[in-house]
Amino acid sequence: MYERIPKEIVDFLSSKGGRSLLIKGSAGTGKTTFALQVLEELGTVKESFYLSTRVSDDALYRHFPWLKDKEMRDRIIDASRVLLEAMYKEEDVILTGVEEEEGTLKAAKKFLSSIYEEEYVPTKVDRTRLSVLLERNRMPEVERIYDSIDHILPKKSLLVIDSVEGITHKYGLEAEELIYTIQKDLVENSNTNILLVLEKKDAPNLEYLVDGVVSLSMYFVDGRLVRQIKLEKLRATRILQPNYLITLDGGRFRCIRPFDDGEKFSKWSPVGDKDGFYSTGIPDLDAILGGGLKKGSYNVIEIDENVTNSEYLAIVRPILLNFISNNRGVMAVLSGGDHPENLKNDLCRFIDESLFRKWVRIVDYFSSESSEDYILAMSGKSADEIRRMWLENINAIRGGGAGPIIDYTGFDTLEYLRGDTIAIKDLFSAVAQIKISKDVGIGVIKPGLKIAQEIMNMADTHLRIIDINRTPCIYGIKPKTIMHAITVDPEKGLPYIKLVPIV
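So the sequence shown is numbered by my numbering: it starts at 5 and just counts up by one.
This is the structure:
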């Protein structure tokens, strides 16, 4: 599942008193997007400001169209407008009026102060450190921010400065003295949350001055872009997940929470097919594959070594459920460690057990007998007996006719039982049969498989599942696709899955 910003950062900025958060990272990692998302999520219209020193507000609106919303537009301050008159005309009247200290605003401040009990509640902005800097240079943007926060007190303000270097270069300051000034005046003594965006990825000489530090980065896995936010320091806040996978899809910042398949459940409703395809049961995956699993195709799912069973089952489960729910058969040889009864219990949370028993057969080469009709116990059986059992059950799950089936194979089991040479021959035969039929083959490849390359060479579709920061991700090798995070549908819950593009 995904959320706009990490919970740890929400907790950090929601604490009593002011907090400062340093945001660092190379160009293009999403620092501005993150800062704007925090502003939208945690700031209120009248108490939050975005001071941009790098681009004009027009440029921001081009890059982030969602900022054009009236509430967000009111928070954007283009620092090139030195006196900012256009934004504060109404406030200027209030600030210069004698009624402020004797009227409604004064009463409101007293009321808010009264409900804070013994907590320190500032009623006037501390300008001690700012006064020292102003002896060298006037800084109209910063002075006006101080004025605006002063007007809001004792309410808590949220200010984003993007970027620190934009201010310091303009006025010939050192970054340390600007941050120290803001930390002491606004954060510690004026109840203000400050987000400070840096234009560089490292600033060890600044990190000790602030309450929190996060870094954004991007790198590539098999040629696919991956984005990450690292929570390096959040004072007085418990960090349960230090690294989050993130996406900037649609100009929004979203972090992907660690995979959890136990939050919410729904019964399965079949997903319709497109001509020439069988739906995977995951509309996002169908779209990536051009319609789903092509009839008569062989499809490989490669599982990385750090992917858990529950993570890859998130993809396999909807495929099986949708096939079964559409009255189609599944013949399966499970991977090592997967037990037939566990699969039945899992799938029958979402469909009627009678449906499972009618359409699913699981070949168990390690058991000589079974009381369950869906388990084909093959251990100790002769070749002729195995062939007879196979054909009888294939006919049963085809509905007594020529209905399509999924031929599902965990190749680690097949290689262990048959050896790599014979397993390859069996695979050639199975794939050839599938390609002249309306069936679908699904092969699961786990690490260490000797015949992996031969399997991948024969595949029409090759998907790979990996784990990044406890989040399962999937990407296509055939066809080639970008990285997608595998998440549980937040509205429907398990077994419904959504794929979030990592861009």
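We treat Cβ as the ideally placed atom computed from N, Cα and C, and that holds for glycine.
**Request:** Check Tyr479 in the structure and name its three-state DSSP category.
**Result:** As a first step, residue 479 is located in the sequence shown; it is residue number 475 there, counting from the start. Three-state DSSP puts Tyr479 in a strand.
**Message:** Helix, strand or coil, according to DSSP, for Pro344 in the structure here?
**Reply:** What you label residue 344 is simply residue 340 of the sequence shown in a count that begins at 1. In the structure shown, the three-state DSSP call for Pro344 is helix.
**Prompt:** What three-state label does DSSP hand Gly254 in the structure shown?
**Reply:** In the sequence shown, the residue the question calls residue 254 occupies position 250. DSSP, reduced to helix, strand and coil, places Gly254 within a helical segment of the structure shown.
**Item:** 8 angstroms contact criterion, which Leu190 and Val218 should meet: CB distance rounded
**Value:** Along the sequence shown, one-based indexing puts residue 190 at 186. Along the sequence shown, one-based indexing puts residue 218 at 214. By a beta-carbon distance limit of 8 angstroms, Leu190 does not contact Val218. Their separation comes to about 19 angstroms.
**Asked** Do Leu289 and Met487 have their C-beta atoms closer together than 8 angstroms?
**Response** Here residue 289 is taken as the residue at index 285 of the sequence shown, counted from 1. Here residue 487 is taken as the residue at index 483 of the sequence shown, counted from 1. Met487 is positioned such that its CB atom lies no closer than 8 angstroms to that of Leu289.
**Prompt:** Are the region 262 to 269 and the region 405 to 417 touching by the rule of at least three beta carbon pairs closer than 8 angstroms?
**Reply:** No, the region 262 to 269 does not touch the region 405 to 417.
**Message:** Quick check on the burial criterion: 16 or more other C-beta atoms within 10 angstroms. Buried or exposed for Ala436?
**Reply:** Along the sequence shown, read from residue 1 onward, the residue named residue 436 stands at position 432. With fewer than 16 other Cβ atoms within 10 Å, it is exposed.
**Request:** For the beta strand (DSSP E) containing Asp154, list its first residue and its last residue.
**Result:** Numbered from 1 along the sequence shown, position 150 holds the residue referred to as residue 154. Careful: Asp154 lies outside any beta strand (DSSP E), inside the alpha helix (DSSP H) at 144 to 156.
**Asked** Going by DSSP, which residues form a beta bridge with Gly447?
**Response** As a first step, residue 447 is located in the sequence shown; it is residue number 443 there, counting from the start. Partner(s): Val304, Thr413.
**Prompt:** Which residue or residues does DSSP assign as beta-bridge partners of Tyr248?
**Reply:** Position 244 of the sequence shown, counted from the first residue, corresponds to residue 248. Under the DSSP definition of a beta bridge, Tyr248 partners with Ile233.
**Prompt:** Terminal residues of the continuous alpha helix (DSSP H) containing Asn197?
**Reply:** Residue mapping note: residue 197 aligns to position 193 of the sequence shown, counting from 1. Run containing Asn197: none in the alpha helix (DSSP H); it sits in the beta strand (DSSP E), 196 to 201.
**Message:** For Asn473 and Leu157, what's the separation of their Cα atoms in angstroms?
**Reply:** The count along the sequence shown starts at 1 and reaches residue 473 at position 469. The count along the sequence shown starts at 1 and reaches residue 157 at position 153. Their backbone Cα atoms lie some 40 angstroms apart in a straight line.
**Item:** Simplified DSSP assignment, three categories, for Phe53
**Value:** Translated into positions along the sequence shown, residue 53 becomes position 49. DSSP places Phe53 in strand when its eight states are reduced to three.
**Asked** According to DSSP, what are the bridge partners of Thr465?
**Response** For the purposes of this step, residue 465 is taken as residue 461 along the sequence shown, with counting starting at 1. Under DSSP, Thr465 shares a beta bridge with Asn303.
**Asked** From Gly403, Ile426, Lys299, pick the residue whose C-alpha is nearest to that of Gly445; which is it?
**Response** Translated into the one-based positions of the sequence shown, residue 445 becomes position 441. Considering only alpha carbons, the answer is Lys299.
**Request:** Indicate the three-state DSSP secondary structure (helix, strand or coil) for Lys20 in the structure shown.
**Result:** On the sequence shown, position 16 is the one that residue 20 refers to. In the structure shown, Lys20 sits in coil (DSSP, three-state: anything other than H, G, I, E or B).
**Message:** Runs of 3 residues minimum, wholly inside the region 331 to 403: which ones carry the beta strand (DSSP E) assignment?
**Reply:** Complete beta strand (DSSP E) runs here, min 3: 333 to 337, 364 to 368, 379 to 381.
**Prompt:** From Leu88 to Lys50, what does the alpha carbon distance come to, in whole angstroms?
**Reply:** The residue labelled residue 88 in the question sits at position 84 within the sequence shown. The residue labelled residue 50 in the question sits at position 46 within the sequence shown. Its pLDDT being 37, under 50, Leu88 is placed unreliably in this model, and the value from its coordinates should be taken loosely. Those two C-alpha atoms are separated by around 15 angstroms.
**Pro10, DSSP secondary structure in three states** = The residue given as residue 10 occupies position 6 in the sequence shown. Residue state, collapsed to three classes: coil.
**Asked** Can Gln187 and Val214 be called in contact, C-beta distance under 8 angstroms?
**Response** Translated into positions along the sequence shown, residue 187 becomes position 183. Translated into positions along the sequence shown, residue 214 becomes position 210. In contact: Gln187 and Val214 (Cβ atoms closer than 8 angstroms).
**Asked** With DSSP run on the structure shown, which of helix, strand or coil describes Tyr282?
**Response** Mapped onto the sequence shown, residue 282 falls at position 278. Of the three classes helix, strand and coil, the one that applies to Tyr282 here is strand, per DSSP.
**Request:** For Arg468, decide whether its Cβ has a neighbour in chain B, counting only Cβ atoms nearer than 8 angstroms.
**Result:** The structure shown contains no chain B, having only a single protein chain.
**Request:** Please state if the CB of Val164 and the CB of Ala336 are separated by a distance shorter than 8 angstroms.
**Result:** Taking the first residue of the sequence shown as position 1, residue 336 is located at position 332. Taking the first residue of the sequence shown as position 1, residue 164 is located at position 160. Cβ atoms of Ala336 and Val164: not closer than 8 angstroms.
**Request:** For Leu503, collect the residues of the same chain with a Cβ closer than 8 angstroms to its Cβ; drop the 5 residues on either side in sequence, then sort them by chain order.
**Result:** The count along the sequence shown starts at 1 and reaches residue 503 at position 499. Once the five neighbours on either side are set aside, the close Cβ partners of Leu503 are Ile286, Asp288, Leu289, Ile292, Ile478, His488, Ala489, Ile490, Thr491.
**Prompt:** Where does Ile292 sit, in a helix, a strand or coil, going by DSSP?
**Reply:** For the purposes of this step, residue 292 is identified with residue 288 of the sequence shown, where counting begins at 1. The answer is helix: DSSP assigns Ile292 an H, G or I state.
**Message:** Taking the alpha helix (DSSP H) that Leu40 belongs to, which residues open and close that run?
**Reply:** If you number the sequence shown from 1, residue 40 lands on position 36. Unbroken alpha helix (DSSP H) run through Leu40: 35 to 46.
**Prompt:** Can you pull the DSSP bridge partners for Met222?
**Reply:** The residue labelled residue 222 in the question sits at position 218 within the sequence shown. Note: Met222 sits in a beta bridge opposite Arg231.
**Prompt:** Excluding five sequence neighbours on each side, which residues of the same chain lie with their C-beta closer than 8 angstroms to the C-beta of Val311?
**Reply:** Along the sequence shown, one-based indexing puts residue 311 at 307. Excluding residues up to 5 positions away in sequence, Ile469, Ile470, Asp471, Pro476 lie with their Cβ nearer than 8 angstroms to the Cβ of Val311 in the same chain.
**Prompt:** So, Glu211 versus Lys237, is the Cβ gap smaller than 8 angstroms?
**Reply:** The residue you call residue 211 lines up with position 207 of the sequence shown. The residue you call residue 237 lines up with position 233 of the sequence shown. A Cβ-Cβ contact shorter than 8 angstroms links Glu211 with Lys237.
**Item:** With 16 other Cβ atoms within 10 Å as the buried cut-off, status of Lys457
**Value:** By one-based count along the sequence shown, residue 457 stands at place 453. Residue identity check: residue 457 is Gln in the sequence provided, not Lys. By the 10 Å Cβ count, Gln457 comes out exposed.
**Prompt:** Going straight from the alpha carbon of Asp82 to that of Ser152, what length do you get?
**Reply:** Residue mapping note: residue 82 aligns to position 78 of the sequence shown, counting from 1. Residue mapping note: residue 152 aligns to position 148 of the sequence shown, counting from 1. Model confidence at Asp82 stands at a pLDDT of 39, short of 50, so the residue's coordinates are unreliable and nothing is read from them.
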